[in-house]
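K.L.:
First the structure, which I've put down as structure tokens, then a few questions once you've had a look.
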Amino acid sequence: MSPSYPLRHLGHAATSGLALVAMLSCAPASAENAESEADPGTKPQGLITVTATRNPVAAYDFPGQVSVIERKEIEDFNASSLQDIFVAIPGATFDSGPRRTGDTPNIRGLGGNAVLIFQDGARQSFASGHDGRFFIDPELVQTVEVVRGPNSALYGSGALGGVISTRTVTARDLLGDGERFGVKLVSGYQSVNDEFRAGGTVAGQSSDGTWDTVGHLTWRTSGDIELGNAATLPADDEITSSLFKLTARPSDTLEITASYTRFQLDATDPQNPQGNNIAGPDNDLVFRDITSDTAQIRLNWNPATDAIDLNLVGYYSRNGVEEDTVGTPRVADREVETLGFLIDNRSRFDLGSANGLTLTYGGEYYRDEQTGLDSATADGTRGGVPDAKTDFVGLFVQAELTLSDMGAIPGELSVIPGIRWDSFRSSAAGETFEIDDDEFSPKIGLAWKPVPQLLLFGNYALGFRAPSFNEAFADGAHFVIPDLSTPPGPRGPRFVSNLFIGNGALQPEESETFELGAGVDLPGLIAAGDRLTIKGSYYESDVENLIGLDVNIPAGCFVTSPFVPPCGSGPEFGNTSQNVNIRNARISGVEIEFDYRSDWFYARGNFSAIDGMDTGTGEFLEGVLQPDILFVDLGSRIGDTGLRLGARFTLATEFDEVNTPQEIRDDYLRGDLYLVFQPDTGPLRDFRLDLGVDNVGDAAFEVVNAGVFQPGRNFKAALSWSKGF
2 MSPSYPLRHL GHAATSGLAL VAMLSCAPAS AENAESEADP GTKPQGLITV TATRNPVAAY
62 DFPGQVSVIE RKEIEDFNAS SLQDIFVAIP GATFDSGPRR TGDTPNIRGL GGNAVLIFQD
122 GARQSFASGH DGRFFIDPEL VQTVEVVRGP NSALYGSGAL GGVISTRTVT ARDLLGDGER
182 FGVKLVSGYQ SVNDEFRAGG TVAGQSSDGT WDTVGHLTWR TSGDIELGNA ATLPADDEIT
242 SSLFKLTARP SDTLEITASY TRFQLDATDP QNPQGNNIAG PDNDLVFRDI TSDTAQIRLN
302 WNPATDAIDL NLVGYYSRNG VEEDTVGTPR VADREVETLG FLIDNRSRFD LGSANGLTLT
362 YGGEYYRDEQ TGLDSATADG TRGGVPDAKT DFVGLFVQAE LTLSDMGAIP GELSVIPGIR
422 WDSFRSSAAG ETFEIDDDEF SPKIGLAWKP VPQLLLFGNY ALGFRAPSFN EAFADGAHFV
482 IPDLSTPPGP RGPRFVSNLF IGNGALQPEE SETFELGAGV DLPGLIAAGD RLTIKGSYYE
542 SDVENLIGLD VNIPAGCFVT SPFVPPCGSG PEFGNTSQNV NIRNARISGV EIEFDYRSDW
602 FYARGNFSAI DGMDTGTGEF LEGVLQPDIL FVDLGSRIGD TGLRLGARFT LATEFDEVNT
662 PQEIRDDYLR GDLYLVFQPD TGPLRDFRLD LGVDNVGDAA FEVVNAGVFQ PGRNFKAALS
722 WSKGF
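Adding 1 to a residue's 1-based position in the sequence shown gives its number in our numbering.
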């Protein structure tokens, strides 16, 4: 790899930024935004992130990169799964293939346990090699926040690549002013996998606003997936998702919310559903039952004092995957339960002269506990899925200092330092060792607006990820292979097992990251009421102690020779798999987001590029890198008809940062068209119609690391009706 790769990224950033400004400067403009949302003159204040700082701030003003996807944009995508919308987030991908059962997110090249997932503030800790991590239907989701880059200073272990936080729908999202009761019904279809869906939401609230409640139920069914290369990927899914939420407000200063969500997916697909895998002798066809349950109680107390804005949260989540092998009595099960408690408070101080300070501080405890079962083993345990638990304790503090009166220094300066201490301990049934450690994770961010239209920012952070119990305590059989060194018997060759072995010496993965960026916010760019925002950054991360699987197979399994070790099963013969700290890496990249809005036209999108190398060998990082990707979403509102037309384009360059020619992937261009009809007045004002075609050109392309072509041309339609009373 050339040592000048950071300069290549900066060149990409400059070129892309100039192109975007030139394109958007030609866009017509008027007075309000095209989607009948808030006035674009308030848009930076309208896109609010809570996840980035545990305190509501404008996403644009945050000294780092965070994306907020709201309900209207999720509906515009007519999403079948949340994977569909992640193209709108730079540096965030799903590289697990089109099947829902393998949905696994990746942020800035890091995936698996290096990405934290929250659902209404509850940790979702389930992770496996092939079974996916995202167990929520997009119909339940009101907003998605994605904080990119390490955030261990607030969230502890796992926030190495970033944080994904989903917030589910509330009664107030559905009810308008003065409405006591509301209902929403939706149905839809898409052709690429013959998917049907139907769902409904009901909400109600008291006349004095002291309580409200919402309930939701969605059903989906789908079949085989038609790929862009004219092949068919076998799949058979049926999904049921539900939500119940009750909020009580005993006083003006106290709010208590109890909620329960459930996701159930019944599928028939290969045991490893990711990539281009189909069922066969080495990948059994299974009836897969995925269930995810999350229950939570949240209390917010915000009395008439700046010293207290207190949250207390208790939650329980259970995520499980049961696999019944077709044609055999074998049943395998994996279940992860998480019990957690969080307390945090915000104290606000007026420092005079428009200067202010917000202190956010608190602590949390949570336990992840896993159970693995396999009816085909003598003792009922499941290989690679140890019965194990991990306890985490964390304490954190963060300051948000805002200075608007700095004498000779113009503009506004925000300084956000923070630090968190974490302690963890992992143990497993039948193991003689434990994994325990503690970590300090500091971070500091600075954002300066010398004038209201310009933002300059930077941040520095340390992050870490504790070894998972699957990595530290892996046991049982990994795979079986034929012993080719001996002649086959009457029933075929002799088979031997490669066995997992634990590793009590595993160290946490750690990262050191710096990021520099800038943004522009230009209201009234061409005409009164329009707005253009662009925000971009360059980041560089040094990651140490990356954990990987070291697989060893004795040479005697392939040849017969007195000079090589004999073939056999397990440690005695060196036929083992063990997770070890195998490499250090440097990852760098560029991310740019832009958004232009006017009365009848909008253009939004992003650009991302990432580089990375193993600092020990100088080789490209496998499973981390992506091509340079540009995403653009253009749309126009047709007068006052309630009709909106849009088009999305995703352009990816050829991917050639590879160690072997077989890993090269072609460039591609995917185009989508969509239409939304949602009148504000008249007899159809309570209806919304969505029509669209994804991958209009039926392009055959592969996402890097997915190992399979993406879905082909997809006709989509949805009809919803909502009414408040």
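Built from N, CA and C at the ideal position, the CB exists for glycine as well. Every value quoted in this text rests on a predicted model; they were computed, and no experiment measured them.
Could you tell me the distance, in whole angstroms, from the CA atom of Cys558 to the CA atom of Gln191?
P.N.:
Taking the straight line joining both Cα atoms gives about 49 Å.
K.L.:
Looking at the structure shown, is Glu592 part of a helix, part of a strand, or coil, going by DSSP?
P.N.:
The answer is strand: DSSP assigns Glu592 an E or B state.
K.L.:
Leaving aside the five residues before and after Glu36 along the sequence, list all residues of the same chain whose C-beta is less than 6 Å from its C-beta, in chain order.
P.N.:
Only weak support is given to the placement of Glu36: the predicted model assigns it a pLDDT of 38, under 50, and the value that follows is read from those uncertain coordinates. For Glu36, where only same-chain residues beyond five positions count, the Cβ hits under 6 Å are Lys73.
K.L.:
Does the Cβ-Cβ distance between Thr594 and Ile548 come in under 9 Å?
P.N.:
Before going further, note that residue 594 is Glu rather than Thr in the sequence given. No, Cβ-Cβ distance for Glu594 and Ile548 is not below 9 Å.
K.L.:
Could you say which of Leu526, Gly477, Gly537 and Gly162 lies nearest to Ala379 if we only look at CA atoms?
P.N.:
When only C-alpha atoms are compared, the closest one is Gly477.
K.L.:
Just how far apart, CA to CA, sit Gly328 and Thr269?
P.N.:
Approximately 13 Å, taken between the alpha carbons.
K.L.:
Please indicate yes or no: does the CB of Leu111 lie closer than 8 Å to some heavy atom of the ligand ZN?
P.N.:
With respect to the ligand ZN, the structure shown offers nothing to examine, as it has no ligands at all.
K.L.:
Please name the residue, chosen from Asp351, Ile70, Phe78 and Val552, that lies closest to Gly647 on a Cα-to-Cα basis.
P.N.:
Comparing Cα-Cα distances from Gly647 to each of Asp351, Ile70, Phe78 and Val552, the minimum goes to Phe78.
K.L.:
Per the contact definition of three or more C-beta pairs closer than 8 Å, is the stretch 572-587 in contact with the stretch 613-626?
P.N.:
Touching, per the Cβ criterion.
K.L.:
For Asp290 and Thr169, I'd like the C-alpha separation in whole angstroms.
P.N.:
Taking the straight line joining both Cα atoms gives about 23 Å.
K.L.:
Starting from Ala653, trace the beta strand (DSSP E) in both directions and tell me its first and last residue.
P.N.:
Leu644 to Ala653 is the span of the beta strand (DSSP E), which, as asked, contains Ala653.
K.L.:
Under the three-state reduction of DSSP, which class applies to Ser474: helix, strand or coil?
P.N.:
For the sequence presented, residue 474 should be read as Phe rather than Ser. Note: Phe474 maps to coil in three-state DSSP.
K.L.:
Name the two residues that bound the continuous alpha helix (DSSP H) containing Glu76.
P.N.:
It spans Arg72 to Phe78 - the alpha helix (DSSP H) in which Glu76 sits, taken as one unbroken run.
K.L.:
Would Leu175 pass as a contact of Gly201 if the rule is Cβ separation under 9 Å?
P.N.:
Not in contact: Leu175 and Gly201 (Cβ atoms no closer than 9 Å).
K.L.:
Using beta-carbon positions only, say whether Thr258 and Leu300 come within less than 9 Å of one another.
P.N.:
Yes, Cβ-Cβ distance for Thr258 and Leu300 is below 9 Å.
K.L.:
With Tyr156 as the anchor, note down where its beta strand (DSSP E) starts and where it stops.
P.N.:
Segment Ser153 to Tyr156 is the alpha helix (DSSP H) holding Tyr156; no beta strand (DSSP E) there.
K.L.:
For the candidate residues Ala707, Leu692, Gln711 and Val694, whose alpha-carbon lies nearest to that of Ala701?
P.N.:
Among Ala707, Leu692, Gln711 and Val694, the Cα nearest to that of Ala701 is on Gln711.
K.L.:
Thinking C-alpha only, which one of Arg532, Leu155, Ser68 and Ser242 is nearest Ile344?
P.N.:
If we check each option's Cα against that of Ile344, Leu155 comes out closest.
K.L.:
Give me, in chain order, the residues of the same chain whose beta-carbon lies closer than 7 Å to that of Thr326; leave out the 5 immediate sequence neighbours on both sides.
P.N.:
Closer than 7 Å at the Cβ level, and outside the excluded window around Thr326, lie Asp285 and Val287.
K.L.:
In the DSSP assignment, find the beta strand (DSSP E) that holds Leu161 and state where it starts and stops.
P.N.:
From DSSP, Leu161 is part of no beta strand (DSSP E); its letter is neither H nor E.
K.L.:
For my contact list, Gly157 and Asp423 are in at a C-beta cut-off of 8 Å; report their separation, rounded to the angstrom.
P.N.:
4 Å between Cβ atoms; contact.
K.L.:
Roughly how many whole angstroms lie between the Cα atoms of Val481 and Phe501?
P.N.:
Whole-angstrom Cα-Cα distance: 12 Å.
K.L.:
Mind reading off the beta-carbon distance from Asn582 to Leu485? Whole number of angstroms is fine, and I expect it under 8 Å.
P.N.:
In fact, because the Cβ distance is near 32 Å, the residues do not count as touching under 8 Å.
K.L.:
I need the boundaries of the beta strand (DSSP E) containing Asp96, first residue and last residue.
P.N.:
No beta strand (DSSP E) contains Asp96, which DSSP labels as neither H nor E.
K.L.:
Threshold first: 3 residues or longer. Then list the beta strand (DSSP E) segments lying entirely within the stretch 429-512, N to C.
P.N.:
Counting whole runs of 3 or more residues, the stretch 429-512 contains the beta strand (DSSP E) stretches 436-450, 455-466, 478-483 and 496-501.
K.L.:
If you count every other CB in all the chains shown that lies within 10 Å of the CB of Leu244, and 16 or more means buried, which is it?
P.N.:
By the 10 Å Cβ count, Leu244 comes out buried.
K.L.:
State the DSSP-derived secondary structure class of Ile49, mapped to helix, strand or coil.
P.N.:
Here Ile49 sits in strand by DSSP.
K.L.:
I need the straight-line Cα distance from Gly575 to Arg492, nearest angstrom please.
P.N.:
If you take the alpha carbons of Gly575 and Arg492, they lie about 26 Å apart.
K.L.:
Classify Val88 as helix, strand or coil using the three-state DSSP reduction.
P.N.:
Helix.
K.L.:
Where in the stretch 306-336 do unbroken runs of the alpha helix (DSSP H), each at least 4 residues long, occur, reported from the N-terminal end onward?
P.N.:
Segments of the alpha helix (DSSP H) lying fully in the stretch 306-336: there are none.
K.L.:
Please go through the same chain and pick out, in chain order, the residues whose beta-carbon is closer than 7 Å to the beta-carbon of Asp104, but skip the five residues on each side of it.
P.N.:
Ser82, Gln84, Phe95, Ser97, Gly133, Arg134 and Phe135, listed in sequence order.
K.L.:
From the DSSP secondary-structure annotation, give me the bridge partner or partners of Pro235.
P.N.:
Answer by DSSP bridge pairing: none, since Pro235 is not bridged.
K.L.:
What three-state label does DSSP hand Gln663 in the structure shown?
P.N.:
Correct three-state label for Gln663: helix.
K.L.:
So, is Ser207 buried or exposed, given that buried needs 16 or more other C-beta atoms within 10 angstroms?
P.N.:
Exposed: under 16 other Cβ atoms inside 10 Å.
K.L.:
Is it the case that the Cβ atoms of Leu720 and Leu676 are separated by a distance below 9 Å?
P.N.:
Contact flag unset, no.
K.L.:
DSSP three-state label for Cys27, please.
P.N.:
In this prediction, Cys27 has a pLDDT of 41, which is less than 50 and means its spatial position is unreliable; what the coordinates show is noted afterwards. Reduced to three states, the DSSP call for Cys27 is coil.
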